[in-house]
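Numbering (full-length UniProt numbering), first residue to last: 1 to 158. Heads up, the beta-carbon is just placed ideally off N, CA and C, and yes, glycines get one too. If you're wondering where the values come from, they're calculated on a predicted model, not measured in any experiment. Heads up, the thing below is written out as structure tokens.
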């Protein structure tokens, strides 16, 4: 493969998505989800408000993200596999709130805007097609700082 094979260490499987977890950053390296039209249909019995962000107890406590990692961090708890992509059962939606599926995201301008628009686009494609496969993950983008050097900044949560 031109760009290498996605890492397979610390793979976690859920009903409709799988992820590779990076213990160093307490963040998923990638999330791969399978979305069908019936997954994104509105279902009055499935409520996002019933779901709570929860630690991934399959990951040792030294390496898993916690809700307190995000408190006062300035970042949203951004879904990589979107909750609204998994409306077919309450369990499927609840699984998306597992913190191993959550990445710190800038709220205004990204998580609540551009990322949300992308999630809606994926759901529209799922309604039009039989199967959609979506791969997401964090980007640690370099930025040129005042000293002229290029840095990748990532404030490790926790």
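Sequence-distant Cβ neighbours of residue 149 in its own chain, meaning closer than 7 Å and more than five residues away, do not exist here. For residue 39, the enclosing alpha helix (DSSP H) has its first and last residue at 37–40. When the five nearest sequence neighbours on each side are left out, the beta carbons in the same chain lying within less than 7 Å of the beta carbon of residue 52 are those of 97, in order along the chain. Take the alpha-carbon of residue 14 and the one of residue 147: they are about 44 Å apart. Shown here, residue 95 sits in a helix according to DSSP, grouped into three states. Under the three-state reduction of DSSP output, residue 139 falls in the coil class, being neither helix nor strand. Residue state for residue 76 is assigned as strand, using DSSP reduced to three classes.
Cβ atoms of residue 36 and residue 126 come within 8 Å of each other, at about 7 Å. Here residue 49 is exposed: its Cβ has fewer than 16 other Cβ atoms, across all protein chains shown, within 10 Å. For residue 70, the secondary structure class from DSSP, reduced to helix, strand or coil, is helix.
For residue 128, the uninterrupted alpha helix (DSSP H) segment begins and ends at 115–128.
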